[in-house]
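What follows is one structure encoded as structure tokens, with my remarks underneath.
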Amino acid sequence: MSIITLAILFLYAYGTHAQMDYIPAADSIGKPGEAGDVSRSIKLTLLEYMFLPNEIWVTKGETVSFVVKNAGDRKHEMLIGTHDDLKKAAKTRRKHPAKYAAEPGLLQLAPGEQKELVWHFDEAGAIEFACPLPGHFKGMRGTIYVEIK
Numbered sequence: 012m013s014i015i016t017l018a019i020l021f022l023y024a025y026g027t028h029a030q031m032d033y034i035p036a037a038d039s040i041g042k043p044g045e046a047g048d049v050s051r052s053i054k055l056t057l058l059e060y061m062f063l064p065n066e067i068w069v070t071k072g073e074t075v076s077f078v079v080k081n082a083g084d085r086k087h088e089m090l091i092g093t094h095d096d097l098k099k100a101a102k103t104r105r106k107h108p109a110k111y112a113a114e115p116g117l118l119q120l121a122p123g124e125q126k127e128l129v130w131h132f133d134e135a136g137a138i139e140f141a142c143p144l145p146g147h148f149k150g151m152r153g154t155i156y157v158e159i160k
């Protein structure tokens with residue numbers, strides 16, 4: 012690698028780390044919202060093994076409709092939660108892959124399937140979303156930045 016490439020990689024890593032230090036984890040992940048309160052829809056596409064987009068910005072107090080499409084060839088999930096909660100869910104899925112819990116903030120999608128998740132964001136900060144299925148969690152993750160406006 013050239014010195015310029017290394018410098019760019021360093022600046023990218025430093026910039027990303029600095030941004031994450033600036034935005035605290037949210038104290039609350041929010042709660043299921045009411046369809047009548049939705050201020051906008053955000054489309055998400057699930058593929059092997061990524062979310063597009065994997066960064067989303069919303070406003071504190073906003074209720075959003077996530078329209079989630081599984082464009083991949085495998086079953087995927089989208090789960091909103093804290094980092095620790097998402098790690099626990101992924102660990103549970105590894106131990107008991109056939110057992111699925113119905114939990115708030117969870118969508119389960121077969122290949123080609125599209126579903127909607129309405130979510131209300133009640134705290135500013137950063138929260139996460141991921142696919143907790145075995146082998147998916149490492150790469151299929153994203154962040155929701157909840158801003159105060």
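In my numbering, the protein residues as written are 12 to 160. Every residue gets a Cβ at the ideal spot worked out from N, C-alpha and C, and that includes glycine.
Compare the C-alpha of residue i against each of the options and name the closest.
| i | options | result |
| --- | --- | --- |
| T74 | K54, K160, K42 and A137 | K42 |
| E134 | S76, Q125, W68 and A100 | W68 |
| P115 | E88, G123 and A121 | E88 |
| I53 | K160, Q125, P108 and L144 | Q125 |
| A121 | G72, E59, E45 and K99 | E59 |
| V79 | A100, F62 and F132 | F62 |
Return the CA-CA distance between residue i and residue j, expressed in angstroms with no decimal places.
| i | j | result |
| --- | --- | --- |
| L118 | P64 | 16 Å |
| D83 | G44 | One point to set straight first is that residue 83 is Gly, not Asp, in the sequence displayed. Cα to Cα, the separation comes out at about 27 Å. |
| H147 | T93 | 17 Å |
| K102 | G123 | 26 Å |
| G72 | P145 | 33 Å |
| L57 | G47 | 26 Å |
| H131 | L90 | 14 Å |
| R85 | E66 | 22 Å |
Indicate the three-state DSSP secondary structure (helix, strand or coil) for residue i in the structure shown.
| i | result |
| --- | --- |
| T93 | coil |
| K80 | strand |
| A46 | helix |
Within 10 Å of its beta-carbon, does residue i have 16 or more other beta-carbons around it, so buried, or fewer, so exposed?
| i | result |
| --- | --- |
| E139 | buried |
| I40 | buried |
| R104 | buried |
With a CB to CB cut of under 6 Å and the five nearest residues on each side skipped, what residues in its chain are close to residue i?
| i | result |
| --- | --- |
| S76 | V49, S52, E127 and V129 |
| R152 | A141 |
Might you give, ordered along the chain, the residues of its own chain that have their beta carbon closer than 7 Å to the beta carbon of residue i, omitting 5 neighbours on each side?
| i | result |
| --- | --- |
| K160 | T70 |
| K149 | none |
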